[in-house]
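Following: one structure in C-alpha cells, then a few remarks.
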Ligand code: ADP
Ligand code: MG
C-alpha cells in the first residue's frame, strides 16, 4: 500500500454547521490502496447507500484496468502483445489514449508502457546487486507509448512487441478518484473528497461554508503539517517513494522508473500536484520524479491550472510559481 496517504491529512470539521447536511466518512482498501471517502448527506442511511455505489464503481474500474487479474481487458491486451489487437471497452481505449497524450506532454517521463521493466525490480527495501545491463536494455526496448496501435473504429489496442505491457499504476487511482467524484455529483452529493491513498478529488464546500483543507507533510518531518491548502473543485495528488524502494549496492532508489533508462529514479522523495483532474495530477506527479526538481518545476510552470510542490531527498521544498509556503508558520 502506498504511503502517499500519509502525506495529506484532510481537515474535516463539521462544527458550526449551518445546513442540515452532515459530513460522513468511510475508509476501505481497494485497488491495493487505502481509500477514504468523505461526503455530505442528510443522514447515515443515505450516506451508506452512496458509499456502496462508490465502492461498486471502484471495483468496476479495478476489473477493467488491473494487471493482476489475468482476465481483465488490460491483461488481455498485454497477453496479446506481439500477436494481435484486442477489442476493448471504449472506456479503456479512451483511458489509454489519454495516457498516451500525457506521455507525450511529459516527453515520456510518464509512460503507460513502462511496465515491461517492472518485473526486474522488487521494491521491498532489500539491498540487491545491480541487474545486468543487457536485461535492463532488453526491457527498455519494449517501452514506448508511441508504439501502441490504436484502432478507433474497432476500439482495439495493439502492443506490437512481444513482452510489451501497459500498466496503470501511476494513473489508475487518480482515474478512480475522478470517476467516483463524478458519480457522487450525479447522485446530487453537494460536496465531498475522494482520497485514494493521497490521490484526492474534491468538490463543493463543507456544511459550515468553509472549503475543504488538505495539509502537506514533509516526509523528512512527518510530525508536522507545514502547509494547509483550501481545495475547491480540484484534485490534489501526492506520490511518495518512502515506502516502496530498493537498495542497489547500498544506494536507495524509489519505485518510479525512468522509462528511458529502465532504472528507478532518484533525488525526489515526494511530489504533490494540483490540477483540475486527479487523473492528470496522478500521472504528472509520477513524471516529476523522473524529471527531477529543476526540469519538473520548470515543466509545471508552463502548464495552465497546474501547480506542484516537490520535496528533494534532503527535505528541501520546491514549489511552482503560484504556490507560496511559509515554512516557519
Ligand atoms: P504512488 O504509488 O505513491 O501513488 P504513483 O502514482 O507515482 O505513486 O505511481 C507509481 C506507480 O506507477 C508504480 O508503482 C508503477 O506501477 C508505475 N510507474 C512507475 N514508473 C512509471 C513511469 N515512469 N510511468 C508510468 N508509470 C510508472
Ligand atoms: Mg502517479
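Numbering (our numbering), first residue to last: 440 to 768. Using N, Cα and C, we set each Cβ at its ideal position, and we do this for glycine too. Because the structure is a prediction, the values reported are computed rather than measured.
- With 16 or more other Cβ atoms inside 10 Å of its own Cβ, residue 728 counts as buried.
- Residue burial is scored here from C-beta neighbours: residue 460 has at least 16 other C-beta atoms within 10 angstroms and is therefore classed as buried.
- In this structure residue 507 is exposed. Its beta-carbon is surrounded by fewer than 16 other beta-carbon atoms within 10 angstroms.
- Look at residue 555 here: in three-state DSSP terms it is helix.
- By a beta-carbon distance limit of 8 Å, residue 700 does not contact residue 747. Their separation comes to about 23 Å.
- Bridge partners of residue 685 according to DSSP: 692.
- Between the region 583–603 and the region 516–536 there are three or more inter-stretch CB-CB distances shorter than 8 Å, so the stretches are counted as touching.
- In terms of side-chain proximity, the C-beta atom of residue 725 is found nearer than 6 Å to a non-hydrogen atom of the ligand ADP.
- Within a 10 Å sphere around the beta-carbon of residue 505 sit 16 or more other beta-carbons, which makes this residue buried.
- Using a Cβ distance threshold of 7 Å, residue 642 and residue 620 count as a contacting pair.
- Residue 628 has its alpha-carbon roughly 7 Å from the corresponding atom of residue 480.
- Using a Cβ-Cβ distance cut-off of 8 Å, the region 557–577 and the region 533–542 are not in contact, since fewer than three pairs of beta carbons, one from each stretch, lie closer than that value.
- Distances from the CB of residue 550 to the heavy atoms of the ligand ADP include at least one below 6 Å.
- Beyond the five residues adjoining it in sequence on each side, residue 744 comes within less than 7 Å, by CB distance, of 714 and 715 in the same chain, given in chain order.
- Residue 584 carries a helical assignment under DSSP once its states are collapsed to helix, strand and coil.
- The beta carbon of residue 618 lies closer than 7 Å to those of 496 and 500 in the same chain, with the five residues before and after it left out.
- When distances are taken from the beta-carbon of residue 614 to the heavy atoms of the ligand ADP, even the shortest one reaches 6 Å or more.
- Sequence-distant partners of residue 528 (beyond 5 residues in either direction) whose C-beta falls short of 7 Å from its own C-beta, in its chain, are 503 and 512.
- Non-local C-beta neighbours of residue 535 in its own chain, meaning closer than 7 Å and more than five positions away in sequence, comprise 551, 587, 596 and 605, ordered along the chain.
- Inclusion of residue 696 in the 6 Å shell around the ligand ADP follows from its C-beta lying nearer than that to a non-hydrogen atom of the ligand.
- Restricting attention to 476, 644 and 659, the CA atom closest to the CA of residue 636 is found in 476.
- Assigned with DSSP and collapsed to three states, residue 517 falls in helix.
- At least one heavy atom of the ligand ADP falls within 6 Å of the beta-carbon of residue 721.
- By the neighbour-count definition (other C-beta atoms within 10 Å, threshold 16), residue 759 is a buried residue.
- When DSSP states are grouped into helix, strand and coil, residue 666 belongs to the strand group.
- Secondary structure of residue 723 (DSSP, three-state): helix.
- Boundaries around residue 536 are those of the alpha helix (DSSP H), 529–544, since no beta strand (DSSP E) includes it.
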